[in-house]
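> Residue numbers (the numbering used here): 23 to 115.
Glycine is no exception: its CB is placed at the ideal position from the N, C-alpha and C atoms.
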(Lines of atoms letter the chains of each structure in order from A and count residues from 1; the text may use other names and numbers.)
(Lines give C-alpha, C1' and ligand atoms only; values in the text may rest on other atoms or scores of the structure.)
Protein backbone atom coordinates (compact mmCIF):
# COMPACT_ATOMS: atom_id res chain seq x y z
CA UNK A 1 0.00 0.00 0.00
CA UNK A 2 1.24 3.51 -0.77
CA UNK A 3 0.41 6.48 1.44
CA UNK A 4 1.17 10.16 1.05
CA UNK A 5 1.53 12.60 -1.78
CA UNK A 6 2.20 16.28 -2.36
CA UNK A 7 0.02 17.91 0.29
CA UNK A 8 -0.65 14.93 2.55
CA UNK A 9 0.84 13.78 5.84
CA UNK A 10 1.01 10.18 7.06
CA UNK A 11 0.75 9.38 10.77
CA UNK A 12 2.25 6.05 11.82
CA UNK A 13 1.40 4.52 15.21
CA UNK A 14 3.38 1.50 16.42
CA UNK A 15 2.12 -0.41 19.48
CA UNK A 16 3.80 -3.37 21.19
CA UNK A 17 1.63 -6.04 22.77
CA UNK A 18 2.53 -8.27 25.73
CA UNK A 19 3.26 -11.27 23.49
CA UNK A 20 5.99 -9.23 21.69
CA UNK A 21 3.90 -8.68 18.57
CA UNK A 22 3.25 -5.28 17.06
CA UNK A 23 0.35 -3.40 15.57
CA UNK A 24 1.00 -0.64 13.03
CA UNK A 25 -1.73 1.87 12.19
CA UNK A 26 -1.35 4.27 9.30
CA UNK A 27 -3.54 7.28 8.70
CA UNK A 28 -3.25 9.62 5.73
CA UNK A 29 -4.38 13.22 6.31
CA UNK A 30 -4.73 16.21 4.02
CA UNK A 31 -2.59 19.18 5.01
CA UNK A 32 -5.76 20.79 6.45
CA UNK A 33 -6.30 17.85 8.82
CA UNK A 34 -9.06 15.89 7.05
CA UNK A 35 -8.64 12.10 7.18
CA UNK A 36 -8.21 10.54 3.72
CA UNK A 37 -7.75 6.86 4.64
CA UNK A 38 -6.62 4.62 7.46
CA UNK A 39 -5.20 1.08 7.60
CA UNK A 40 -4.06 -1.26 10.34
CA UNK A 41 -1.63 -4.19 10.35
CA UNK A 42 -1.18 -6.48 13.36
CA UNK A 43 0.61 -9.64 14.42
CA UNK A 44 4.10 -8.64 13.25
CA UNK A 45 7.12 -9.74 15.24
CA UNK A 46 9.47 -7.36 13.43
CA UNK A 47 9.07 -3.84 12.02
CA UNK A 48 11.50 -1.91 9.84
CA UNK A 49 11.12 1.77 9.01
CA UNK A 50 13.36 3.22 6.30
CA UNK A 51 11.78 6.60 5.62
CA UNK A 52 12.13 10.20 6.77
CA UNK A 53 9.88 10.43 9.82
CA UNK A 54 9.54 12.75 12.80
CA UNK A 55 8.77 11.31 16.22
CA UNK A 56 5.83 13.22 17.66
CA UNK A 57 5.04 11.17 20.77
CA UNK A 58 6.59 8.33 22.73
CA UNK A 59 4.20 6.58 25.09
CA UNK A 60 4.22 3.37 27.11
CA UNK A 61 4.64 0.68 24.42
CA UNK A 62 3.51 3.18 21.75
CA UNK A 63 5.33 5.35 19.25
CA UNK A 64 3.78 8.00 16.99
CA UNK A 65 5.58 9.11 13.84
CA UNK A 66 4.80 11.60 11.05
CA UNK A 67 6.03 11.40 7.45
CA UNK A 68 5.59 14.16 4.87
CA UNK A 69 6.82 12.05 1.96
CA UNK A 70 5.23 9.15 0.09
CA UNK A 71 5.78 5.89 1.90
CA UNK A 72 5.13 2.29 0.97
CA UNK A 73 3.97 -0.28 3.53
CA UNK A 74 4.19 -4.02 3.09
CA UNK A 75 3.53 -6.98 5.37
CA UNK A 76 4.95 -10.45 4.94
CA UNK A 77 2.60 -12.73 6.94
CA UNK A 78 4.87 -15.77 6.59
CA UNK A 79 7.81 -13.93 8.22
CA UNK A 80 5.57 -11.77 10.43
CA UNK A 81 7.34 -8.58 9.36
CA UNK A 82 6.13 -5.10 8.44
CA UNK A 83 8.25 -2.76 6.32
CA UNK A 84 7.71 0.98 5.96
CA UNK A 85 9.96 2.52 3.29
CA UNK A 86 10.25 5.75 1.38
CA UNK A 87 8.62 5.29 -2.01
CA UNK A 88 11.01 5.53 -4.92
CA UNK A 89 10.01 8.38 -7.21
CA UNK A 90 10.33 7.45 -10.90
CA UNK A 91 12.74 9.65 -12.81
CA UNK A 92 11.32 11.89 -15.54
CA UNK A 93 12.94 11.73 -18.98
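Smallest Cα separation from residue 45: which of 51, 64 and 33?
Here residue 45 refers to the residue found at position 23 when the chain shown is read from its first residue. The candidate whose alpha carbon is nearest that of residue 45 is 64.
> Under a three-way DSSP split, which group does residue 100 fall into?
One-based indexing of the chain shown puts residue 100 at position 78. If DSSP states are grouped into helix, strand and coil, residue 100 belongs with coil.
> Taking just the CA atoms, how far does residue 89 sit from residue 68?
Translated into positions along the chain shown, residue 68 becomes position 46. Translated into positions along the chain shown, residue 89 becomes position 67. Their backbone Cα atoms lie some 20 Å apart in a straight line.
> What's the gap between the Cα of residue 38 and the Cα of residue 31?
Start at 1 with the first residue of the chain shown, and residue 38 comes out as number 16. Start at 1 with the first residue of the chain shown, and residue 31 comes out as number 9. Spanning the two alpha carbons is a distance of roughly 23 Å.
> Tell me which residue opens and which closes the beta strand (DSSP E) that residue 41 is part of.
On the chain shown, position 19 is the one that residue 41 refers to. Where residue 41 is concerned, there is no enclosing beta strand (DSSP E), given that its DSSP letter is neither H nor E.
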